[in-house]
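Count the sequence shown with this note's numbering and you get residues 3 to 291, in order.
Glycine included, each C-beta is placed from N, C-alpha and C at the ideal position.
Have a look at the structure below before the remarks.
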Amino acid sequence: MSLLRPYIDLMKLRVVELLIITTLPAMVLAEKGLPSFSLVAATLMGGTLAAGASNAFNMVIESESDKLMARTSKRPLVTGVISKTQATVFAWLITILSLAIFLLFTTVLATLLTALAIFYYVVIYTIILKPNTAQNIVWGGAAGCMPVLIGWAAVTGSLTWVPVAFFMVVFFWTPPHFWALAIKYKDDYSAAGIPMLPSVASQSIVISQMWFHTIAMVVSSTAMIQLAKLPVWVLCATVLLGAVFTFQLFKLKENSDNYNKVAAGIFHWSITYLSLLSVLLVVAQLLSA
3 MSLLRPYIDL MKLRVVELLI ITTLPAMVLA EKGLPSFSLV AATLMGGTLA
53 AGASNAFNMV IESESDKLMA RTSKRPLVTG VISKTQATVF AWLITILSLA
103 IFLLFTTVLA TLLTALAIFY YVVIYTIILK PNTAQNIVWG GAAGCMPVLI
153 GWAAVTGSLT WVPVAFFMVV FFWTPPHFWA LAIKYKDDYS AAGIPMLPSV
203 ASQSIVISQM WFHTIAMVVS STAMIQLAKL PVWVLCATVL LGAVFTFQLF
253 KLKENSDNYN KVAAGIFHWS ITYLSLLSVL LVVAQLLSA
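Below is the structure:
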């Protein structure tokens, strides 16, 4: 296990969990019920490997800047437990394995979308957007929305407006979720020269941007429920979840003594929000089947 641990750390599986949370409900909505166990298993396994590969490539690319941040100073490439070459080979191997699983057990469209997601995260986000713009997580976060499309495509081999709306929910959810965490580590990002919004903008700008994306997330959530033709009670429950999310934001005040503490609470609630929304979608679809 000690030999495998550094490679598992490269994959950042705790982050991958969030991607799985959105993949499964997308598959249930696409199937209008429970997809076959084998299809779900292949999709989740392939998705886990794809996300893990993206994270591994990310660590290779950012190995130098990771040395400058306390939060990332224990990563395997920083400590030298494994080399860049080993990490790169590992990333390519699980990329190929991921795409092979999707191609053999799901659909061509799901395979293509998975390849696009890896490319987008590694090249568009990590190399181009992250070091060059404070809006990096806004546009780069699109890679984290892809599991919704992939899950749907794995079931149907096509896309409709329902997964697109679900994609937009995760797209607008990502910035307030990530910025809430980045508030805590803004000094780390400054030290590494990464222009994450909380490290380069005033608190008022960060808060206003979080409000904009949160409201857009709630609107997208209600649109998705309607497009999926789920019962009215699901819409009401979704609005209630959104109201709780916005209540958290009301507590985030400029220059307050508990600014960082409230931001940490928003980060944790954002995970709860996405998890509860995903469970709600699965339960609602199964009850409607």
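Check	Outcome
Coil, strand or helix - Gln137 by DSSP	coil
9 Å Cβ cutoff met for Lys34 and Ser277	no
Helix, strand or coil at Asp189 [DSSP, three-state]	helix
N-terminal and C-terminal residue of the alpha helix (DSSP H) that Ser273 is part of	Sequence inspection shows Ile at residue 273; the Ser mentioned does not correspond to that position. Per DSSP, Ile273 belongs to the alpha helix (DSSP H) from 261-290.
Spatial neighbours of Leu111 in its chain, beta-carbon cut-off 8 Å, leaving aside the 5 residues before and after	Ala155, Gly159, Ser160, Leu161
Separation of Gln287 from Val202, as counted between CA atoms	43 Å
Start and end residues, alpha helix (DSSP H) containing Ile10	7-13
Beta-carbon proximity check, Ala44 vs Leu106, cutoff 9 Å	yes
Host alpha helix (DSSP H) of Ala203 (start-end)	Segment: none, Ala203 is in no alpha helix (DSSP H) and carries neither H nor E.
Identity of the residue in Arg7, Leu12, Ala32 nearest Val284 by Cα	Ala32
Cβ separation of Met226 and Phe168, assumed to be a contact under 8 Å, to the nearest whole Å	5 Å
Trp94 versus Ala245: straight-line alpha-carbon distance, rounded	42 Å
Arg73 - DSSP class collapsed to helix/strand/coil	helix
Residue nearest to Ile152 in terms of C-alpha spacing, selected from Val166, Ile139, Gly142, Gly143	Val166
Environment of Ile207 [buried if 16+ CB atoms lie within 10 Å]	exposed
Counted within 10 angstroms of its Cβ, other Cβ atoms place Trp175 as buried (16 or more) or exposed	buried
Distance between beta carbons of Thr216 and Thr248, contact taken as under 8 Å	6 Å
Contact between the segment 76-96 and the segment 54-67 (3+ Cβ pairs under 8 Å)	yes
Close beta carbons around Asn57, own chain, < 7 Å, minus the five adjacent residues each side	Leu12, Met13, Lys14, Val17
Nearest-angstrom beta carbon gap, Leu199 and Trp181 [assumed within contact, 8 Å]	6 Å
Assigned exposure category for Trp235 - 16 Cβ within 10 Å defines buried	exposed
Pair within 9 Å by beta-carbon distance, Leu1 and Val125	Because the chain spans 3 through 291 in this model, residue 1 falls outside it and cannot be assessed.
Contacting residues, own chain, Cβ-Cβ under 7 Å from Gly117 (five flanking each side not counted)	According to the sequence as given, residue 117 is Ala; it is not Gly. Leu101.
Spatial neighbours of Thr113 in its chain, beta-carbon cut-off 8 Å, leaving aside the 5 residues before and after	Leu101, Phe104, Leu105
Alpha helix (DSSP H) segment containing Thr248, residue limits	234-252
Distance between Ile209 and Leu254 (C-alpha atoms, nearest Å)	7 Å
Spatial distance of Thr97 from Ala52 (CA atoms)	6 Å
Rounded separation between Leu251 and Ile268 - CA only	7 Å
Exposed unless 16 or more other CB atoms sit within 10 angstroms - verdict on Ala1	This structure cannot speak to residue 1, because the chain is shown only from 3 to 291.
Reference Ser204; option with closest CA among Asn257, Lys263, Leu5	Asn257
Which listed residue (Gly146, Thr135, Ser4) has its alpha carbon closest to that of Ile84	Ser4
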